[in-house]
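Notes for the one structure printed next.
Numbering (our numbering), first residue to last: 20 to 247.
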């Protein structure tokens, strides 16, 4: 009697314990499944967020590239690049933001490696004694020749047609090629710049023709020699 009851009670307790254990296992499995589901959802959300950010970053990158390209083009349109290195001689436009027209001359550039020429004028009484190839000596008004020396030159060409000058009558423009592009001033190399006033002495055999100047210039009659 008692032994049978004990076994029955023991079996019932074991079955109850088993049922409890199975219930806990199911709870644990459900919790695990829920956790995995949450983890998968988190992974999916993270991937979606990263993809969105990557897409936005890629789009922004393309926008910045396009903006940079447009800015470069605008910059290229507002910047003039000279084909050679040189010095600006004349500026036609001085206002910031000024409008220019197509084919408008904006400036005159003198290349650094260009030979230096002096545009001078010959008086009617002197032109007959001057011809291309004759040597000349240039005296710069800015740098007195007694201190800074002179520059050697050569007559390149003389205009055949006279130009009428109010004070001097018929004058003949001529071009001289200078032997150097700079002079030494107190140890510094100073470039000969357009607009410098000068006097040129052209050696015409036994005669000297004086008083030519770089255009545009004031006439320095006091330096001219009347006799040739």
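By construction, the Cβ of each residue, glycine as well, lies at the ideal position given by its N, Cα and C atoms.
These figures come from a predicted structure and were not determined experimentally.
Taking the Cβ atom as the reference point for each residue, do residue i and residue j lie within a distance shorter than 8 angstroms?
i, j, result
"residue 181", "residue 197", "no"
"residue 142", "residue 187", "yes"
"residue 200", "residue 135", "yes"
"residue 133", "residue 124", "no"
"residue 184", "residue 190", "yes"
With 16 as the cutoff for other CB atoms within 10 Å, does residue i come out buried or exposed?
i, result
"residue 245", "With a pLDDT of only 35 at residue 245, under 50, the local geometry of the prediction cannot be trusted, and the value read off the model is given with reservation. With fewer than 16 other Cβ atoms within 10 Å, it is exposed."
"residue 88", "exposed"
"residue 85", "exposed"
"residue 137", "buried"
"residue 219", "buried"
"residue 51", "exposed"
"residue 202", "buried"
"residue 193", "buried"
"residue 146", "buried"
"residue 211", "buried"
"residue 217", "buried"
"residue 195", "buried"
"residue 1", "Since the first residue shown for the chain is 20 and the last is 247, residue 1 is missing from the structure and cannot be characterised."
Which same chain residues end up closer than 7 angstroms to residue i when comparing Cβ atoms and leaving out the 5 residues on each side of it in sequence?
i, result
"residue 164", "158"
Going along the chain, which residues of its own chain have a beta-carbon closer than 8 angstroms to the beta-carbon of residue i, five neighbours each way excluded?
i, result
"residue 128", "101, 103, 105, 106, 107, 108"
"residue 152", "173, 174"
Check the C-beta distance from residue i over to residue j and give it rounded, since I have them as a contact under 8 angstroms.
i, j, result
"residue 169", "residue 161", "Rounded, the Cβ-Cβ distance is 13 angstroms, inconsistent with contact."
"residue 119", "residue 223", "Wrong, their Cβ atoms sit about 47 angstroms apart, outside the cutoff."
Once the 5 residues before and after residue i are set aside, which same chain residues still bring their CB inside 6 angstroms of it?
i, result
"residue 235", "In this predicted model, residue 235 has a pLDDT of only 32, less than 50, meaning its place in the structure is not dependable enough to derive any value."
Segments assigned beta strand (DSSP E), at least 3 residues, entirely inside the segment 131-188: 136-142, 154-159, 170-177, 182-184
Those runs of the beta strand (DSSP E) which lie wholly inside the segment 198-226 and span at least 3 residues: 201-204, 207-210, 217-223
If we require 4 or more residues per run, which alpha helix (DSSP H) segments fall completely within the segment 32-56? none
3-residue-minimum beta strand (DSSP E) runs that sit fully inside the segment 70-128, ordered along the chain: 105-110
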